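As structure tokens, the structure follows; a few thoughts come after it.
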Amino acid sequence: MLSDESNRQIMLTTLVGISSPSTRSLKLLDSGNLILSEGHDNFSTSVVWQSFHYPTDTFLPGMKINNKLVLTSWKSLLDPASGRFTFQQDGDRKGQYIITNKKELLPYWKSGLSGTSIGDDEISPLVSLMLLNTSYSKTGVSCSMLVNRTGNCSDRQTQNQSHDYNNTRLVIGSDGKLRFFTRDNQTDKWSLTWWEPRDRCSVFDACDKFGSCNNKNRVPCKCLPGFKPQSQENWNKGDFSEGCIREYPVCGQHRKEFLKLSMMKVQKPYSEFDVNHTDECRNKCLETCHCQAYSFAEKETYLRSSEGKLTCSIWTDDLKNSRESYANGGIDLYLRVHLSGNTCRPCGTNIIPYPLSTGPSCGDLKYFKFNCNTENDTGLVSFNATGQTYRVSSINQETQSFSIQVKKCRRGDSKEKLLQLPRLSPFFVSGCNVAQNNFSTDSSGENKRFYEVELRWKPPPQPICRSFKDCNDWPNSSCKVADDGKKRCTCNPPFLWNSSKVSCSAGPLEKKTPAYLIILGVTTAMLFILCVAFAWNHKRRRMPNRRGGNLEFSLYGSARRVLDFINSDDFKEDDKEDIDVPYFNLESILVATDNFAEANKLGQGGFGPVYKGKLPRGQEIAIKRLSRGSGQGLEEFKNEVVLIAKLQHRNLVRLLGYCVKGYEKMLIYEYMPNKSLDSFIFDRSRCVLLDWEKRFDIILGIARGLLYLHHDSRLRIIHRDLKTSNILLDEEMNPKISDFGLAKIFGGKQTEASTERVVGTYGYMSPEYALDGFFSIKSDVFSFGVVLLETISGKRNTGFYQAEQPLSLLGYAWKLWKEGRALDLAEQSLRQSCNAYEYIRCVNVGLLCVQEDPDDRPAMSNVLFMLGSETPSLPIPKRPAYVVRRSLLSSASSSGNQIWITELTTSTLEEGR
Numbered sequence: 000m001l002s003d004e005s006n007r008q009i010m011l012t013t014l015v016g017i018s019s020p021s022t023r024s025l026k027l028l029d030s031g032n033l034i035l036s037e038g039h040d041n042f043s044t045s046v047v048w049q050s051f052h053y054p055t056d057t058f059l060p061g062m063k064i065n066n067k068l069v070l071t072s073w074k075s076l077l078d079p080a081s082g083r084f085t086f087q088q089d090g091d092r093k094g095q096y097i098i099t100n101k102k103e104l105l106p107y108w109k110s111g112l113s114g115t116s117i118g119d120d121e122i123s124p125l126v127s128l129m130l131l132n133t134s135y136s137k138t139g140v141s142c143s144m145l146v147n148r149t150g151n152c153s154d155r156q157t158q159n160q161s162h163d164y165n166n167t168r169l170v171i172g173s174d175g176k177l178r179f180f181t182r183d184n185q186t187d188k189w190s191l192t193w194w195e196p197r198d199r200c201s202v203f204d205a206c207d208k209f210g211s212c213n214n215k216n217r218v219p220c221k222c223l224p225g226f227k228p229q230s231q232e233n234w235n236k237g238d239f240s241e242g243c244i245r246e247y248p249v250c251g252q253h254r255k256e257f258l259k260l261s262m263m264k265v266q267k268p269y270s271e272f273d274v275n276h277t278d279e280c281r282n283k284c285l286e287t288c289h290c291q292a293y294s295f296a297e298k299e300t301y302l303r304s305s306e307g308k309l310t311c312s313i314w315t316d317d318l319k320n321s322r323e324s325y326a327n328g329g330i331d332l333y334l335r336v337h338l339s340g341n342t343c344r345p346c347g348t349n350i351i352p353y354p355l356s357t358g359p360s361c362g363d364l365k366y367f368k369f370n371c372n373t374e375n376d377t378g379l380v381s382f383n384a385t386g387q388t389y390r391v392s393s394i395n396q397e398t399q400s401f402s403i404q405v406k407k408c409r410r411g412d413s414k415e416k417l418l419q420l421p422r423l424s425p426f427f428v429s430g431c432n433v434a435q436n437n438f439s440t441d442s443s444g445e446n447k448r449f450y451e452v453e454l455r456w457k458p459p460p461q462p463i464c465r466s467f468k469d470c471n472d473w474p475n476s477s478c479k480v481a482d483d484g485k486k487r488c489t490c491n492p493p494f495l496w497n498s499s500k501v502s503c504s505a506g507p508l509e510k511k512t513p514a515y516l517i518i519l520g521v522t523t524a525m526l527f528i529l530c531v532a533f534a535w536n537h538k539r540r541r542m543p544n545r546r547g548g549n550l551e552f553s554l555y556g557s558a559r560r561v562l563d564f565i566n567s568d569d570f571k572e573d574d575k576e577d578i579d580v581p582y583f584n585l586e587s588i589l590v591a592t593d594n595f596a597e598a599n600k601l602g603q604g605g606f607g608p609v610y611k612g613k614l615p616r617g618q619e620i621a622i623k624r625l626s627r628g629s630g631q632g633l634e635e636f637k638n639e640v641v642l643i644a645k646l647q648h649r650n651l652v653r654l655l656g657y658c659v660k661g662y663e664k665m666l667i668y669e670y671m672p673n674k675s676l677d678s679f680i681f682d683r684s685r686c687v688l689l690d691w692e693k694r695f696d697i698i699l700g701i702a703r704g705l706l707y708l709h710h711d712s713r714l715r716i717i718h719r720d721l722k723t724s725n726i727l728l729d730e731e732m733n734p735k736i737s738d739f740g741l742a743k744i745f746g747g748k749q750t751e752a753s754t755e756r757v758v759g760t761y762g763y764m765s766p767e768y769a770l771d772g773f774f775s776i777k778s779d780v781f782s783f784g785v786v787l788l789e790t791i792s793g794k795r796n797t798g799f800y801q802a803e804q805p806l807s808l809l810g811y812a813w814k815l816w817k818e819g820r821a822l823d824l825a826e827q828s829l830r831q832s833c834n835a836y837e838y839i840r841c842v843n844v845g846l847l848c849v850q851e852d853p854d855d856r857p858a859m860s861n862v863l864f865m866l867g868s869e870t871p872s873l874p875i876p877k878r879p880a881y882v883v884r885r886s887l888l889s890s891a892s893s894s895g896n897q898i899w900i901t902e903l904t905t906s907t908l909e910e911g912r
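So the sequence shown is numbered by numbering that gives the first Met the number 0: it starts at 0 and just counts up by one.
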């Protein structure tokens with residue numbers, strides 16, 4: 000029982016199995032230990048319970064670690080509920096410790112992996128002494144409880160060490176890091192003196208089997224030379240959990256190749272033994288096909304015996320926890336590999352694929368812009384350009400690209416600004432990649448940004464040769480004089496040179512087309528063109544010319560009819576004015592786009608292609624060229640020219656002008672260098688560029704833009720085609736809603752309407768609109784909910800598939816929400832950067848927006864409030880629409896979507912852009 004000073008009972012509890020003593024006392028010691036003791040009739044006392052045996056997330060001086068004591072992290076910095084991580088002794092391995100991720104039931108960090116007494120996986124001696132609660136004095140520390148990797152005490156580790164443990168604490172954080180703090184008696188402040196894991200490469204199995212980790216690179220993991228990702232798809236997404244596998248077998252055919260990798264850190268070897276010579280160690284590895292690598296080191300003088308002068312280490316299991324460029328006690332590792340003769344020798348762990356060259360005797364000399372640092376055995380690759388040297392962080396043979404590290408760059412920078420390359424260079428710049436290192440790089444807790452410029456190389460011609468022997472490394476080729484007069488390894492028939500795969504690939508021989516077939520084809524094409532031209536001209540003559548053939552004036556009249564349709568009182572004055580955006584002549588558009596060059600084409604939409612252009616003053620623009628064959632092109636053109644010109648908001652795309660010439664209709668917008676949202680969240684490699692903070696900002700920006708359309712603009716506007724591909728991103732990744740061709744304008748207090756012509760995109764349309772043609776501002780709210788859930792999950796609503804049951808993305812999110820597992824919706828790349836509180840709030844709001852009944856959905860003003868507020872509770876969502884992915888399709892006719900829609904409703908459903 001716990002009572003206050005007035006003897007009022009505050010808390011009462013019963014200790015099971017404890018006899019009723021004469022006296023009990025609860026005392027809080029200066030050490031922080033809360034002790035419950037009982038006194039007996041013989042004046043003796045015994046401890047019933049003490050808090051040091053049941054810690055939370057903190058280990059204090061006076062505690063003692065054993066295989067039963069466990070520290071459990073908080074759920075977050077502000078939530079003391081049990082979190083995801085625990086810290087404890089690693090089984091019965093005294094002096095070895097482990098951090099476990101309870102949610103994934105996997106180790107997050109382990110001490111003593113490399114088996115060396117020096118290294119960032121070895122726990123600090125000060126921390127080890129504190130955990131073991133050893134005796135210490137001002138002159139030295141007792142060695143009786145401190146053990147090294149062999150289980151023996153190491154006096155060299157403890158000599159002349161003393162520490163005031165009364166001012167220390169060890170804490171397991173909600174992020175999984177174990178931190179050791181010391182307190183300064185003079186300043187009375189705590190300072191961080193040691194922590195693990197220190198970086199991304201310190202995490203247990205960071206790159207899994209046969210992967211090598213480098214914390215200095217934006218993408219930390221790569222496969223060791225001679226290996227490839229077991230799942231290239233997952234590897235590109237930033238998921239390295241499956242590791243790498245060998246590209247070629249290393250046993251048989253007298254293969255005895257080893258690659259020396261310097262400054263490596265790897266897990267403990269399978270076996271260690273003494274040898275007198277390095278060849279003995281190498282031969283021992285060659286005796287078995289299971290041997291993956293070996294290493295040797297000189298024994299210290301006082302350990303030498305008659306058995307040998309070297310210690311040989313053999314690895315027969317999968318190499319895990321490998322780390323490169325490890326200066327703190329790194330070893331020389333001899334990796335068993337099969338090396339190709341047609342490429343340069345790997346530089347450390349960096350594979351140099353053909354045609355890249357690090358010297359005059361390998362690769363293609365046109366690509367000799369790389370240098371391998373072999374002087375200091377660092378294995379670093381550098382790229383030489385414009386008189387400067389840049390560190391190469393990664394080389395991707397599959398995409399024929401590599402990345403170099405720079406001091407700073409921005410994604411929107413022009414290619415010329417990123418890097419100046421000679422005009423005839425075989426390399427070209429493809430862009431800038433920026434990423435945040437979420438691991439603290441020092442005790443200050445500051446995070447580092449990675450800035451990397453990505454370059455690609457042009458496909459190479461066939462390799463130059465001097466004799467037939469030079470072509471042995473190029474199967475199906477022979478050394479012959481090529482068209483340029485040089486001897487090259489020319490592919491033997493029927494093989495053809497594949498510059499992308501850099502090999503001779505099987506393909507059909509070129510056959511000359513008979514002359515009569517050429518004449519017949521040309522004649523048929525000319526007749527077809529003449530028929531089409533005659534039909535088009537006949538149709539054009541029958542069209543009424545209301546304004547004497549002046550298309551520009553006719554279009555302006557159409558725009559005025561759109562304006563007349565609007566009944567808003569505050570818009571009637573604008574009805575008397577011209578269109579509010581400038582007119583561009585066709586000649587300026589042709590100059591800006593280089594006559595609509597294919598290289599300037601940004602993409603293809605439902606209403607026509609979009610091109611990038613540059614005005615004479617240097618301003619970059621995007622031109623939407625409306626297709627003549629689009630049935631909705633004219634409606635979209637009138638809608639956007641009249642509508643977007645009246646809207647001004649930072650989260651709406653800005654219309655700069657329009658152009659009409661003959662049958663050409665074009666809209667000119669501000670240029671968005673990062674394209675659309677879907678190009679990031681659904682792309683396995685680019686999704687990692689959007690961390691949680693950036694995705695949350697994008698969601699808020701879209702919500703603000705919709706709120707402006709629904710409530711704050713001069714007109715009440717329903718977008719009707721909101722989706723991730725219509726959310727454009729500027730150079731700072733700010734979202735801007737685009738494509739108002741399907742938008743509807745309401746006057747006065749009108750908020751809903753119906754139509755016989757249903758337009759939109761499957762997966763984003765609300766059920767009342769798709770089936771009954773009824774739309775309102777709540778229709779946009781439904782679309783926003785789908786966009787929100789897609790953004791935070793990285794999964795498409797229409798393309799989502801779950802093996803266990805036919806659920807849509809909305810149904811899957813609903814299922815996880817009901818089971819209390821909303822965080823499982825997050826994709827792998829978000830799980831480290833994601834704020835759990837904000838994430839669950841977003842799932843809640845997203846499910847509120849996609850409820851089946853429009854009246855249950857919140858208005859955008861409420862959506863923005865719920866996303867931005869810290870209100871502890873939100874409304875509980877009801878079952879969303881389209882829960883079962885195939886339920887509607889099962890009712891469809893086998894002849895397609897159009898027939899299925901006709902069976903359900905009389906309205907016509909048209910596919911959105």
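Note that the Cβ used here is the ideal one computed from N, Cα and C, for glycine as well. Everything numeric in this text was worked out from a predicted model, so none of it was measured.
For the beta strand (DSSP E) that contains D823, what are its first and last residues? Per DSSP, D823 belongs to no beta strand (DSSP E) and is neither H nor E.
What's the C-alpha gap between K735 and N673? 11 Å
To the nearest whole angstrom, what separates the beta carbons of L318 and V265, a pair I think is in contact under 8 Å? 6 Å
Any idea if D316 is buried or exposed, counting beta-carbon neighbours within 10 angstroms, 16 or more meaning buried? exposed
Name the two residues that bound the continuous beta strand (DSSP E) containing E195. 189-195
I'd like to know whether the C-beta atoms of L454 and I403 end up nearer to each other than 8 Å. yes
Would the beta-carbon of L824 fall within 8 Å of that of L815? yes
Going by CA-CA distance only, name the one from F438, F449, L420, R422 that's closest to C431. F449
Is the segment 764-777 close to the segment 819-839, with three or more CB pairs under 8 Å? no
Could you tell me which residues DSSP pairs with W813 in its beta bridges? W813 pairs with nothing; no bridge assigned.
Please list the terminal residues of the continuous beta strand (DSSP E) segment that includes C658. 654-660
Out of L526, K486, Q435, which one is the CA nearest neighbour of K693? Q435
Output needed for Y301: all residues of its chain with C-beta closer than 6 Å, excluding positions within five of it in sequence on either side, in chain order. At Y301, the pLDDT of 49 sits below 50, so the modelled position is not reliable; the number obtained from the coordinates is stated separately. Within the same chain, Y301 has no close Cβ partners at all.
Whole angstroms is fine: what's the gap from L887's alpha carbon to D771's? Only weak support is given to the placement of L887: the predicted model assigns it a pLDDT of 40, under 50, and the value that follows is read from those uncertain coordinates. L887 and D771: Cα-Cα distance of roughly 15 Å.
At least three beta-carbon pairs within less than 8 Å, the segment 227-247 to the segment 274-284: no
If you count every other CB in all the chains shown that lies within 10 Å of the CB of L721, and 16 or more means buried, which is it? buried
Leaving out the 5 sequence neighbours to the left and right, which residues in its chain are closer than 8 Å to F175 when beta-carbon positions are compared? Reading off the sequence, residue 175 comes out as Gly, not Phe. Answer for G175: S72, R83, F84, I98, N100, Y107, W108, P196, listed in chain order.
Where does T277 sit, in a helix, a strand or coil, going by DSSP? helix
DSSP puts Q603 in a beta bridge; with which residues? P608
Is K63 near L131, with beta carbons less than 8 Å apart? yes
Of all the options E271, C250, P459, T357, which has the alpha carbon lying nearest to the alpha carbon of S294? E271
Would V842 and A880 qualify as a contact pair, given that the criterion is a beta-carbon distance under 8 Å? no
R491 vs S504 beta-carbon contact at 8 Å: First, the residue type needs correcting, since residue 491 is Asn and not Arg in the sequence shown. No, Cβ-Cβ distance for N491 and S504 is not below 8 Å.
Compute the beta-carbon to beta-carbon distance between L70 and P54, rounded to the nearest angstrom, for a pair I have assumed lies under 8 Å. 6 Å
Going by beta carbon distance, what residues of the same chain come within less than 6 Å of R653, once the five residues before and after it are set aside? E669
Leaving out five residues on either side along the sequence, give the residues of the same chain with a beta carbon under 7 Å from the beta carbon of R409. C431, E730
Distance between beta carbons of L727 and S712, contact taken as under 8 Å: Their Cβ separation, rounded to whole angstroms, is 19 Å, which puts S712 and L727 out of contact at 8 Å.
Applying the criterion that 16 or more other CB atoms from any shown protein chain within 10 Å of the CB defines a buried residue, is S134 buried or exposed? Annotation note: pLDDT 47 at S134 (below 50); position unreliable, coordinate value reported separately. Under this definition S134 is an exposed residue.
How big is the Cα-Cα spacing for Y325 and G94? 24 Å
Can you check which of these residues, E586, S675, G612, is closest to G604 by C-alpha distance? S675
Would P493 and W456 be called neighbours here (beta carbons separated by less than 8 Å)? no
Please go through the segment 680-727 and give each complete alpha helix (DSSP H) segment of 4 or more residues, from N-terminal end onward. 691-706
Which of the three DSSP states is assigned to Y293 in this structure? strand
Do the CB positions of I330 and Y269 come within less than 8 Å of each other? no
Can you pull the DSSP bridge partners for K613? E619
Using C-beta distances below 7 Å, list every residue in its chain close to R560, excluding the 5 sequence neighbours before and after it, in chain order. Reliability fails at R560, whose pLDDT of 38 lies under 50, so the model's placement of it is uncertain and the value that follows must be treated cautiously. Within the same chain, R560 has no close Cβ partners at all.
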